[in-house]
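Remarks on the structure that follows.
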Amino acid sequence: MTPLAQLLEVLVLLLLFKGVLGYEFREENRFLCVGLVILFVRCAMLFILPEDYTYLIWRSILFPAAAMPFFFHGKWKINLAAGICMMQMVWVMYRLNMGIWIVAVKGDVIKVELPLCYYLGLAECLVALCVLSLILRRKKEGIFTHMELLNVWMFVPFFVCIWGINNTGWSFSTSTTGNIAEIVQGKNLIRDGFLGVLVLFIFILTCCMQSQRREMKRLLLLNQKCLAEQTEQYSRQSLMDEELRKFRHDYIKQITTLQQIAEGTDMDRVRVYLEQIAGEKIKSESFFLTNHLVCDAILNRYGDACRKQKMKISVEGKFPEHLHIPEVDLCVILTNGLQNAFEAASLCKEGEISVKVENRENFVTISIRNSTLQKPQRQGDGLATTKDDKRNHGIGTRNMADAARKSGGMVEWNLEEEGYVTANILIRGKKKE
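Residue numbers 1 to 433, in the UniProt record's numbering, belong to the letters of the sequence shown in order.
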């Protein structure tokens, strides 16, 4: 195992995590230094320990994979498991190349260049990862989110199967004429290689099905939430209609009474009666209408919550009649955006939230601005959570970005020095036909 092979191993893992899975490098130098130390120890073992096959495969799989959690953000168990599985596939390709070479030279194993077989395996993995990186370049953020939600135990069956394939012993007898045994063994290696690739496809398919199942469950919950908010909005509108009917019914009587009082030139009574009418009028400023039922439901729910907390909230603008983004994704964006704004503003002495909707050609912009005590930090496409339980929080902003991106939009955060943070959301309107 040469230093060049070790360098290619690291390149394979870097391309996997950065190019395909969408992981981001850590900013902390101490973690990067630990990862480099692990790789250095791996390189030093090349000159210290013997080139035993068992030790060789262990070192080439575990050490490069163990360095990845120190290079990339994310759950370290998932990082380690993904790295180990990738390095196992390198050895699968190595054995496949070795089998093809043995069959090609008709069993003359002396002509088989084992280091070259390993280089070919690394090169094949690099090419495959490059192709995947190009195909999935617009989906890397979503892949990262799904990877972080995987159960690490899902990797165990794949690890066991590939480990069994890579450690299938083989031997040959030189007394056999025509090198038949070597040719048969070469075919077995080819069979094991294709079996390993099949196991990889089954594993990826299983992970995709698990992610789709989780996504369907999430969409079902969001649909139920949207339905509940629409029902609440219908109830609000029914109440408003009832109040409006009452107002219209009493309007003529109130005007008549006001005229009678005014005829007596008793202005104090006129003033008192007007104050009574003002106290009973429909407070339109406490009810938000943006020309979108789901958005109205979400805005009015958080509007009520803000008024209970004595917080200021304002909403300007209206949505167009048609939007390109599905209502479920719009619900994800607004709910997470307003929830984050409400939680941050509620900690301020005079909390404030302002929402502004603007129509610009085929796009709609939504700005959610709120006061905050603690200036958040950027993390990838979202903001880092300020809560102590960072494992179960902080994915709301990433979900907002993912939901907007699915419909050709985007989300950006503006961190102001004056104690405010603004979420600028760009979504696509439905094009005119």
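Ideal Cβ placement from N, Cα and C applies to all residues, glycine included.
Bridge partners - residue i, DSSP secondary structure assignment
i    : result
F25  : F72
Y420 : S371
M410 : L426
V364 : N359, I427
L415 : V421
L323 : G429
Integer Cβ distance of residue i from residue j, believed to fall under 8 Å
i           : j    : result
L120        : V20  : Rounded, the Cβ-Cβ distance is 20 Å, inconsistent with contact.
A401        : E113 : So it is not a contact: roughly 48 Å between Cβ atoms.
V357        : E412 : In fact, because the Cβ distance is near 16 Å, the residues do not count as touching under 8 Å.
K106        : I183 : 7 Å
E343        : S371 : Not quite, the Cβ-Cβ distance comes to about 12 Å (not below 8 Å), so this is no contact.
L32         : F71  : 7 Å
I38         : A5   : About 17 Å separates the two Cβ atoms, so there is no contact after all.
residue 507 : I78  : Because the chain here runs from 1 to 433, residue 507 falls outside it and cannot be looked at.
N188        : Q88  : The pair is not a contact, with the Cβ atoms about 18 Å apart (cut-off 8 Å).
C331        : V364 : About 15 Å; that fails the 8 Å criterion.
G74         : Y23  : 6 Å
A423        : I368 : 4 Å
G186        : R95  : With 8 Å as the limit, G186 and R95 do not qualify as a contact, their Cβ atoms being about 10 Å apart.
V12         : V90  : 6 Å
L338        : Y302 : 5 Å
F287        : N300 : 6 Å
H324        : G429 : 6 Å
P69         : L80  : 6 Å
residue 438 : L198 : No statement about residue 438 is possible, as the shown extent of the chain runs from 1 to 433 and does not include it.
Segment limits, alpha helix (DSSP H) that includes residue i
i           : result
V160        : 155-166
K140        : 140-149
R307        : 293-308
F342        : 327-345
residue 435 : No answer is possible for residue 435: it lies beyond the span of the chain, which begins at 1 and ends at 433.
Beta strand (DSSP E) segment containing residue i, residue limits
i           : result
residue 445 : There is simply no residue 445 to check, as the chain begins at 1 and stops at 433 in what is shown.
N359        : 352-360
I313        : 312-316
Is the region 203-221 touching the region 138-156 in the sense that three or more CB pairs, one from each, lie closer than 8 Å? yes
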